[in-house]
Each structure stands twice: as structure tokens, then as C-alpha cells.
Amino acid sequence: MISRAERSANYAILALFAVFALAPIGTVLVTALGPDDASNGGGIANFARAFGAGHFGTYLRMSLLVSVFVVTVSAVLSILSGFALGTMRFRGSTVLFYVFLLGIMMPSEAIVVPLYFDLRALGLTDTFWAVALPQVAQSVAFGTFWMRAFFRTSSRTLVEAARLDGAAPRTILWRVLVPVARPAVTTLVVLTFMWTWNEFLIPLVMVTAEGLRTAPLGLAFFQGQHTQGFTLLAAGAVIVATPVVALYLFLQRQFIAGMLGGAVRE
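Mapping of the sequence shown onto UniProt numbering: position 215 corresponds to residue 215, and the numbering continues sequentially without gaps.
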């Protein structure tokens, strides 16, 4: 049993780490609400000025389209591949799984240049697909690893009962296992959305048109226009970060449940 002193020490350490993590966020938010260097205004008006001056409407729309596409496609593919590698035994399954692991370990910086020339040869550079498809491949690699770990430890009783009832593998997956895997899928969705939304290198290399820039890339160009004052830049940073924070707050319970479930299984 944990003593009162140990519990107090744990809370103190957690509070210290919370302050350490939240202090930069608070600084950016206070700066974004402060007086503008040019107009001496402040408050919510800073966000409106930054939104208009930085063309964040276009960038946010592009980021949202890319993120929704990547999350949807990679989640479906990850569930299918995780189910196959986690519940079935077939020739080459182990080798195939290690290929997916290689995709997790390979950094974007190592493949972005040859990937650019491959996509240029296909006529896909400076298009939506040049931004979305590489991120689908990266997300499926992790998603397969994540969902395989869940399906390998899923309830065998449910699966065997469904098989005895004559259910096909497709029915077992979508009607038996996926509803039980909701926390794991939610965690995968949140992580994939966060990684896709924050991706900077691939959009930077693959596109040049302003209408195809994502929000982080647009923020970098906006930073180049405001090198002297930080008020509007901080407001732009808050605008770019808000969708990820909102999604996490909305799905935090299932996200934490999925993370804890994965930690217990691993």
C-alpha cells in the first residue's frame, strides 16, 4: 500500500513536470493575446489579423483534407493488415511484419529525396497526392504494428465463438473485434492525425503552390514575414495547434484507455 508521503511525492513530481510542459504553451498564449507591435492592439483581434495576413484559411483547409484522408485510409489498412498478421499464419507473414517494422524505423529525411524523384517521374509532385500518399505509407507501418499487438491478445473466446457460428473472417473482424478495439483504434486515429497535421518536411519538398501548403508550412512562411514582432506569430502558432488540441481533448478518455491497454499488452 502506498503511504501518504509517497503519494504526496508522486503528486509533487507530476505537478513539476506539468508546469515544465505547460509553461511554454502558456507563454505562447499570453504573447498571442498581448499588444501587437504594429497596432498596439491585442486580445482576440490578434488571431483575426494573423488568420487573414497569414492566409491560414487555405492552409488549414489543406491540412484538414490531408489529415482526414491519411487517417481514414491508414486506419482501414492498418486494421486489415494488423488483423491478418495478428490472427493468421501464412507463408512470409513474419518477413512481411519485419518489412512494416522497417517502415517505422526509416526516417523521412532518409527517403524524401528519392521519393521526390519517384513522384516527379509519375507526375505527382505539386499535387495533393504528393503530400498525402507518403504519409499514408508512414502511418500504415506504425498502424500495422499497433493493431497487430491488439489482435494478437484479443479474446480468443469471442473469435472461436464467432467461427463456430459460421462467421467469415470479414465478419469476425468488423463485427466482433473492431468494436472491442475501439480504444486502440481511437489511439491510432489521434496519433496519426497529430503526426500528419504536424508534418513539415514532406509538404516542404513535394509542393510549391501556395494553395497546397499545409498549416505548419504556412506558419513557417508566415514567420518569415514577421521576424521582428512575435505577437502575430504566436497567434498563428495557436491557430495551427488548436485542431490537434481540440481532437485530443475530445477523445482523451479513449486515447488514454488505448495507450494503457497497449502498455499492459506489451
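Where is the CB? At the ideal position from N, CA and C, for every residue including glycine.
C-beta neighbour in chain D for residue i, strict 9 Å
| i | result |
| --- | --- |
| residue 92 | Any reference to chain D falls outside this structure, which holds one protein chain only. |
Neighbour-count burial assignment, residue i, 16 or more Cβ in a 10 Å radius
| i | result |
| --- | --- |
| residue 56 | buried |
| residue 10 | exposed |
| residue 217 | buried |
| residue 154 | buried |
| residue 265 | Because the pLDDT of residue 265 is 48, which lies under 50, any placement of that residue in the model is unreliable, and the question is left without a value. |
Pick from the options that is closest to residue i, judged by C-alpha positions
| i | options | result |
| --- | --- | --- |
| residue 177 | 166, 191, 152 and 192 | 152 |
| residue 85 | 199, 224, 210 and 173 | 173 |
| residue 244 | 204, 254, 191 and 205 | 191 |
| residue 71 | 156, 133, 170 and 159 | 133 |
| residue 188 | 82, 24 and 158 | 82 |
| residue 199 | 63, 73 and 5 | 63 |
| residue 30 | 235, 257 and 159 | 235 |
| residue 185 | 79, 69, 5 and 26 | 79 |
| residue 242 | 258, 204, 253 and 193 | 193 |
Contact check, residue i vs residue j, beta carbons under 9 Å
| i | j | result |
| --- | --- | --- |
| residue 247 | residue 50 | no |
| residue 143 | residue 237 | no |
| residue 66 | residue 214 | yes |
| residue 137 | residue 207 | no |
| residue 219 | residue 240 | yes |
| residue 47 | residue 100 | no |
| residue 103 | residue 222 | no |
| residue 202 | residue 135 | yes |
Spatial distance of residue i from residue j (CA atoms)
| i | j | result |
| --- | --- | --- |
| residue 147 | residue 126 | 32 Å |
| residue 175 | residue 168 | 10 Å |
| residue 110 | residue 150 | 30 Å |
| residue 121 | residue 112 | 14 Å |
| residue 197 | residue 60 | 9 Å |
| residue 28 | residue 161 | 54 Å |
| residue 140 | residue 77 | 7 Å |
| residue 94 | residue 14 | 40 Å |
| residue 225 | residue 22 | 27 Å |
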